[in-house]
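Written out below as C-alpha cells is the structure these notes cover.
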Amino acid sequence: MGRLVEDAVKGYGERIKRLAIMDPLFRLKYRKRNGEDDDVDWFSMGLLTLLFFFECMLQRQKKKGVPELADFLFEVCGNQLQLSRDRFVDIAETIIQAYRDPTGKRREEVYHDWESNATEVYHYSILKTAGFDKTAKRQYYTLDEAGIELVFATKEYFSEFRISINQLLIRKQLEKGEFANALTEIHEMRIAVETIREQMWRLGLEVVRNIISDETYQKYLQVVKATHERLEREDEEFRELYSFVVDTTRKQSGDLQTQKDLRAYEQLLQISKELGEAHHMHQQLLNESIILKNKAIDAAKQALYSVGLQTFHFDQEIVSRLVSSPLPPVAAQGLASAFTSLACHQSWSLLSLFDRQRSVSVNQESTSHAYPEEDDEQEEQNRLTQQRNFSLIMRHVLEAMGNEREIQLKELQKKLPAFIVNHRSYYDFWLVLHQRSPAAWEADREGDLLDGALSQVQGDLMIVTECEDTIQASARFTIQNMLIIRREKEHEL
1 MGRLVEDAVK
11 GYGERIKRLA
21 IMDPLFRLKY
31 RKRNGEDDDV
41 DWFSMGLLTL
51 LFFFECMLQR
61 QKKKGVPELA
71 DFLFEVCGNQ
81 LQLSRDRFVD
91 IAETIIQAYR
101 DPTGKRREEV
111 YHDWESNATE
121 VYHYSILKTA
131 GFDKTAKRQY
141 YTLDEAGIEL
151 VFATKEYFSE
161 FRISINQLLI
171 RKQLEKGEFA
181 NALTEIHEMR
191 IAVETIREQM
201 WRLGLEVVRN
211 IISDETYQKY
221 LQVVKATHER
231 LEREDEEFRE
241 LYSFVVDTTR
251 KQSGDLQTQK
261 DLRAYEQLLQ
271 ISKELGEAHH
281 MHQQLLNESI
291 ILKNKAIDAA
301 KQALYSVGLQ
311 TFHFDQEIVS
321 RLVSSPLPPV
331 AAQGLASAFT
341 SLACHQSWSL
351 LSLFDRQRSV
361 SVNQESTSHA
371 YPEEDDEQEE
381 QNRLTQQRNF
391 SLIMRHVLEA
401 MGNEREIQLK
411 ELQKKLPAFI
421 VNHRSYYDFW
431 LVLHQRSPAA
441 WEADREGDLL
451 DGALSQVQGD
461 LMIVTECEDT
471 IQASARFTIQ
481 NMLIIRREKE
491 HEL
C-alpha cells in the first residue's frame, strides 16, 4: 500500500497548478447574468480571448488591447449575438478584468500538497501588461506564463507521440540510473497502449456503420493508414528500446559488488519483463490495424454492392432492352452473358492412368520412417541421472571453494577432478545455473534438476555472471568464463 500511496500523490502540486489556471475561465462560465447577458456565452468568449492573444504572440503583434479584442469578438460572434460594437467593448473589458486584476495583483490558489504534506500558495496571472501608450492612453496586454499553459491545455499537441515520448523518457531514466521512475513510465505507456486499443475498437464500429460511399471510404482509409504507420514507427522504437534495456542489464550483471548493485540488477530484470509485455500488447495492435484496414475495404465493397442492388432494376435494364428494341444475336448474347454462369461437368480424367500408383500387399505391415520416440520411463530415468550428476558436481564445487565466497570458473576447474571437468553434465550444470541465477533452494520446486544441488548451499544465494574470456576446458568442450558468487541468506534482497 505504501508504494501505491507514494506513486498516487507524486507530482500532486504540479497537477493542482494546472487545474488552478482554469479557474478564471470557469468563473466566466458561471458569471451572474442580467438581461443583456442572456445570449452571451461567456465561456466561449473567454476561450476566444485566449486564442486571440495567443495568435497575436505567434504573429508578433504586441500592441493589442481592449479595442482590438472587441473588434475580434465582433467579427467572430457579431452575426450570431446581434450585439452592438460598444457592447463588445464592454465584454472585452469584463474578460480582461477576469484574467487580470485591475490592480495588477496576481491571483493565488491556496492548497495542501499531499506529496510534501504542507500548505502551498500558487500565484499566477493569465494576462500581463505589454506596454502603455501615453498619447492614446491605451493599455496593451499579452498572455502570461499561466495563460500560455492554459492555451496548451485546450489541445493535446503530442497525443500521437505519447508512446514515443514515454520511450524517450525511459531511455534517459535508464541512463541516469532512475530505474523506479522508468518502471512508472512503462506502466503509463501500457495504459496509453490500452487507450489506443479502445480507439481502434470504436473506429472499427464506425467503419462498419458509416461507410456508405467512396468518399467516406477514402476518409476512413486515410485514418486507418495513419494509425498503421504510427504503430509501425512505435514498434521500431520499441525494438530499439528493448535492445538498449538488454544491453544495460548485461552490463549491470557483470558488476554485482554490493547490495545496491544487486537491487539495480533485479529492477532491470523487472523493467525488461514489463517492457516486453507492453511491446507484446503493442504488436497485437499492429496486427489489429491490418485487420481494421481489411474490414474497411470489405465494408466499402458491401456498401457499394448494396447501393448497386438497390439502384439496379433487372426488368428495366435488361428485359426491356432486349424486348423493346431488336438486337443482333451476338449483342443479345453479350448482354445476357453477365448474368449466366459457365456450364460445369464433373467427369473422370483419362490422365489419371499416368498418375503414380500405390501397390501395397494386403498382409504387408506399414513401416514408419520417423525417429523412434523416447518412452516416459526412459525420460524420467535420464532426468534422475542428470539430477544426481548435478548434486555430485555441486558437492565438488563447494569443497573446492571452501571458505571462499567468490571464484572464477577458470580457477575453480583447476581444483576439480578430471572426470568431473571432462563430463558433459559439468557444462550443462553451469548453463542451467547461469540461466536460473540468482538461484536458491526452494521447497516447492522438488523434482527440479537443481533441487539436490541447491539444497547443499544451506539456503544461500548462488549468483553466476558471465565474463568476457572463454575457457578451453578439454579437447571436446569450450565454455565462457563465469564468476561464481555465494551470497549469504541474510544478504539476499
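The sequence shown begins at 1 in this note's numbering and counts up one residue at a time. Even glycine gets a Cβ: it sits at the ideal position worked out from N, Cα and C. Please read these numbers as outputs of a predicted model, since none were measured by experiment.
For the putative contact between residue i and residue j, defined by C-beta atoms under 8 Å, what is the C-beta separation to the nearest angstrom?
i, j, result
"Lys10", "Glu115", "6 Å"
"Tyr124", "Tyr111", "Not quite, the Cβ-Cβ distance comes to about 12 Å (not below 8 Å), so this is no contact."
"Ala278", "Arg202", "In fact, because the Cβ distance is near 22 Å, the residues do not count as touching under 8 Å."
"Gln386", "Leu449", "6 Å"
"Ser425", "Asn481", "19 Å between Cβ atoms; not a contact."
"Arg27", "Ala98", "6 Å"
"Arg197", "Leu241", "Actually they do not touch by this definition, with Cβ atoms about 20 Å apart."
"Phe43", "Lys62", "In fact, because the Cβ distance is near 27 Å, the residues do not count as touching under 8 Å."
"Met57", "Leu143", "6 Å"
Residues in its own chain within less than 6 Å of residue i by CB, not counting five upstream and five downstream?
i, result
"Ala529", "Outside the shown range of the chain, which is 1 to 493, sits residue 529, and nothing can be said about it."
"Leu168", "none"
"Lys518", "Residue 518 lies beyond the residue range present for the chain, which begins at 1 and ends at 493; the question has no answer from this structure."
"Ile407", "Met401 and Ile484"
"Glu206", "none"
Check whether the Cβ atoms of residue i and residue j sit closer than 8 Å, and answer yes or no.
i, j, result
"Val457", "Trp430", "no"
"Ser289", "Val208", "no"
"Leu81", "Asp133", "no"
"Leu231", "Leu292", "no"
"Glu188", "Gly13", "no"
"Thr494", "Ile484", "No answer is possible for residue 494: it lies beyond the span of the chain, which begins at 1 and ends at 493."
"Ile126", "Ala146", "yes"
"Ile271", "Phe419", "no"
"Tyr217", "Ala296", "yes"
"Gly254", "Glu404", "no"
"Leu392", "Ala400", "no"
"Leu262", "Leu256", "yes"
"Ser474", "Val421", "yes"
"His280", "Asp235", "no"
"Leu25", "Leu4", "no"
"Gly204", "Tyr141", "no"
"Arg15", "Glu149", "no"
"Asn181", "Gln173", "yes"
"Ala439", "Met394", "no"
"Leu51", "Val151", "yes"
I need the DSSP call for residue i, collapsed to helix, strand or coil.
i, result
"Ile21", "coil"
"Lys128", "strand"
"Asn79", "helix"
"Glu442", "coil"
"Arg250", "helix"
"Asn481", "strand"
"Cys344", "coil"
"Thr465", "strand"
"Ala475", "coil"
"Val9", "coil"
"Arg358", "coil"
"Ile385", "The identity of residue 385 in the sequence shown is Thr, whereas the question assumes Ile. Helix, per DSSP."
"Gln458", "coil"
"Gln139", "strand"
"Arg60", "coil"
"Tyr30", "coil"
"His423", "coil"
"Arg15", "helix"
"Arg486", "strand"
"Asp39", "coil"
"Arg405", "coil"
"Thr119", "strand"
"Thr103", "coil"
"Thr154", "coil"
"Asp86", "helix"
"Asp451", "helix"
"Asp113", "strand"
"Asp428", "helix"
"Asp532", "The question about residue 532 has no answer here: the residues shown for the chain are numbered 1 through 493."
Can you list, in chain order, the residues of its chain whose CB lies under 7 Å from that of residue i, leaving out five sequence neighbours each side?
i, result
"Glu274", "Leu183 and Ile186"
"Ser455", "Trp441"
"Val432", "Leu449 and Leu450"
"Ala20", "Glu109, Tyr122 and Tyr124"
"Arg436", "Leu450"
"Pro417", "His396"
The ligand PLP and residue i: does any heavy atom of the ligand fall closer than 7 Å to the residue's C-beta?
i, result
"Leu58", "The model on display carries no ligand, and the ligand PLP is accordingly not part of it."
Between residue i and the rest of its own chain, which residues show a CB-CB distance below 8 Å, the 5 nearest in sequence each way excluded?
i, result
"Thr49", "Leu69, Leu73, Ala92, Ile95, Ile96 and Tyr99"
"Gly177", "Ala264"
>> For a minimum of 4 consecutive residues, which ranges assigned as the alpha helix (DSSP H) are wholly contained in the region 171-259?
In response: The region 171-259 contains these whole alpha helix (DSSP H) runs: 179-210 and 214-253.
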